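See structure below.
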Amino acid sequence: MPPQNTDDLNINDSLDNELVDDELVRRLKAALSLSLGDGGTAALTSLLEHTHPADIAAAMEFLTRSEALALFNWLDNARAAEVIDELDPQLVRFLIDSIPPGRIADLLDRLPMDDAAEVVAEAAPERQEPLIKELEARAAEDAREVRELLSYKPRTAGRLMVDKFVRLKATDTVEEAFASVRSAGRQVETLTDLYVVEPADGRPGEERLVGVISLRGLVYAEASAVIGAVMAKDLVTVTVDTDQEEVARLISRYDFLALPVLDRDGNLAGIITVDDVIDILVEENTEDALKQGGVEPGVLNTPYFATPIWQVVRSRVTWLVLLFAAETATGSVLRHFDDELAKVTALAFFIPLLIGTGGNTGAQTVSTIIRGIALKEIRFRDTGRVLGRELISGLLLGLILGAIAFGRAFMWDRTANGVQLASVVGITVLIIVIWANTIGSLIPLVAQKLKIDPALVSAPLITTLVDATGLVFYLLIAKAILTQLH
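The sequence shown maps to residues 128 to 613 in the numbering used here.
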């Protein structure tokens with residue numbers, strides 16, 4: 128291959144945070160092409176050295192599989208371990224299938240064990256045990272920990288925790304505690320919180336959590352003070368089976384940097400750090416957004432352009448088909464009132480306005496209630512209070528929007544018949560807004576009570592209900608008010 132122009136590969140210019148992904152992808156492709164040909168390897172080496180592992184991982188999503196593999200093989204193990212921890216699951220599985228198990232095990236050994244377990248979990252089931260055995264040959268304790276983490280259900284605290292943290296005794300002095308912190312060094316996940324433990328009764332090797340002290344608290348304490356006297360004893364903990372969303376909620380609520388995890392016997396099993404919770408919050412919010420749009424969250428961990436078209440179609444088609452079938456109810460309503468629409472054709476002009484108003488109102492209410500449920504601000508026992516608030520807000524919103532709708536309809540026809548038609552439209556908007564607010568507040572609460580994910584069913588269901596019932600309200604009101612229909 129002839130040498131390429133390397134002017135744009137000069138890495139002496141700083142690769143700052145404003146370097147956009149597509150520019151980085153272009154540079155990586157060009158440098159990789161040079162290195163695979165006879166253009167030299169300096170450009171690629173320099174570019175990778177000056178690029179954050181997270182940015183390398185993001186750029187790899189836009190490379191072909193062969194390019195991604197070649198680039199990954201170019202990285203040394205320390206850098207490759209940081210990159211694989213940031214990649215999407217599909218690309219991780221491809222790399223695991225394409226790279227010798229020995230090298231993957233070397234990378235796992237460099238990762239925190241919770242991250243190593245997640246990488247192993249992305250491998251095909253038949254590849255997981257061989258990878259763990261390769262890791263066991265290098266670090267038996269790490270392999271044991273990975274197996275333990277994988278024994279817990281996905282999306283639980285047990286999958287997220289690590290057991291590398293500073294342990295103190297209640298009888299230690301502050302000076303002795305500092306010695307423990309210094310000796311722990313980089314071997315622990317975090318130094319912000321230090322955990323005070325004592326042996327569990329009758330269970331050798333198990334520890335019971337009795338207190339916690341922050342590093343800041345340790346700094347302010349007298350060197351001769353005993354840890355048991357300065358530690359916090361009112362502890363917030365989770366168990367290995369706690370859902371990851373609840374873990375994220377607790378850390379967010381109390382502004383923790385780490386949260387202790389207890390095993391099923393109440394002994395200290397590990398801790399979860401805030402960096403893992405940030406990933407959880409992004410994942411959970413993305414999942415809720417997809418569900419509210421009627422999209423199955425199977426595309427959650429795959430970048431948009433890396434998601435195969437067939438997977439995009441599959442993630443959307445189920446709810447679209449169900450909604451398509453349900454929306455035939457709207458056609459049935461129109462057919463039932465065919466005579467009325469034929470006599471007063473102007474009624475048809477306002478149908479899109481009414482359907483849109485009801486759908487938008489219901490969607491706003493659903494989103495508000497789902498957020499309240501997620502933050503534990505609203506529970507099923509609060510249904511009465513929620514209904515009261517939404518009825519009042521629906522009435523006020525309906526009066527405002529109804530007045531606007533009346534004025535808009537009256538401008539079309541300022542005759543006596545026009546006043547009647549405008550009245551029909553205005554009253555219908557008032558009723559639809561109140562109705563949509565009411566239904567939009569009830570659906571998520573009922574879904575939660577039935578142990579159905581409110582985010583999954585609420586938005587599609589509110590659209591279907593409000594569309595069909597809103598038309599019934601509209602045409603019945605028209606039949607009652609318009610003299611042409613008497």
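By construction, the Cβ of each residue, glycine as well, lies at the ideal position given by its N, Cα and C atoms.
Keep in mind the model is a prediction, meaning the values are calculated, not measured.
Query	Result
Residue 326: first and last residue of the uninterrupted beta strand (DSSP E) it sits in	320–326
Contacting residues, own chain, Cβ-Cβ under 6 Å from residue 529 (five flanking each side not counted)	553, 556 and 557
Contact under 8 Å by Cβ, residue 568 with residue 504	no
Any non-hydrogen atom of the ligand ADP within 7 Å of residue 412 CB	Questions concerning the ligand ADP fall outside what the structure shown contains, since it holds no ligand whatsoever.
Opening and closing residue of the alpha helix (DSSP H) in which residue 340 lies	Unbroken run through residue 340 is the beta strand (DSSP E), 334–341; no alpha helix (DSSP H).
Nearest-angstrom Cα separation, counted from residue 474 out to residue 464	11 Å
Between the CA atoms of residue 438 and residue 336 - distance to the nearest angstrom	46 Å
Residue 585, buried or exposed, once every other Cβ within 10 Å from all chains shown has been counted against 16	buried
Rounded straight-line distance, which links the Cα of residue 604 to that of residue 382	53 Å
Distance between residue 286 and residue 276 (C-alpha atoms, nearest Å)	5 Å
The segment 353–373 in contact with the segment 297–311 per 3-pair CB rule at 8 Å	yes
Of the residues 244, 334 and 434, the one placed nearest residue 278, counting alpha carbons only	244
Euclidean distance between Cα positions of residue 395 and residue 172	44 Å
Test item: CB-CB of residue 68 and residue 367 under 8 Å	Because the chain here runs from 128 to 613, residue 68 falls outside it and cannot be looked at.
Assigned secondary structure, residue 441 (DSSP; H/G/I helix, E/B strand, else coil)	helix
Run of the alpha helix (DSSP H) containing residue 569, from where it starts to where it stops	543–576
Outcome for residue 154 when other beta-carbon atoms lying within 10 angstroms are tallied against a minimum of 16	buried
Exposure of residue 183, with buried meaning 16 or more beta-carbon neighbours within 10 Å	buried
Candidates 372, 215, 319 and 161: closest to residue 186 by CA position	215
Distance, residue 235 Cα to residue 129 Cα	The pLDDT assigned to residue 129 is 37, lower than 50, so where the model puts this residue is not dependable; a value taken from the coordinates is nonetheless given after this. If you take the alpha carbons of residue 129 and residue 235, they lie about 38 Å apart.
Residue range of the beta strand (DSSP E) that includes residue 387	385–389
Delimiting residues of the beta strand (DSSP E) encompassing residue 397	395–400
8 Å Cβ cutoff met for residue 597 and residue 482	yes
Rounded separation between residue 217 and residue 440 - CA only	18 Å
Minimum C-alpha distance to residue 607 - residue among 563, 195, 579 and 547	547
Proximity to residue 485 [Cα-Cα], best of 589, 520 and 180	589
C-beta atoms of residue 492 and residue 544 nearer than 8 Å	no
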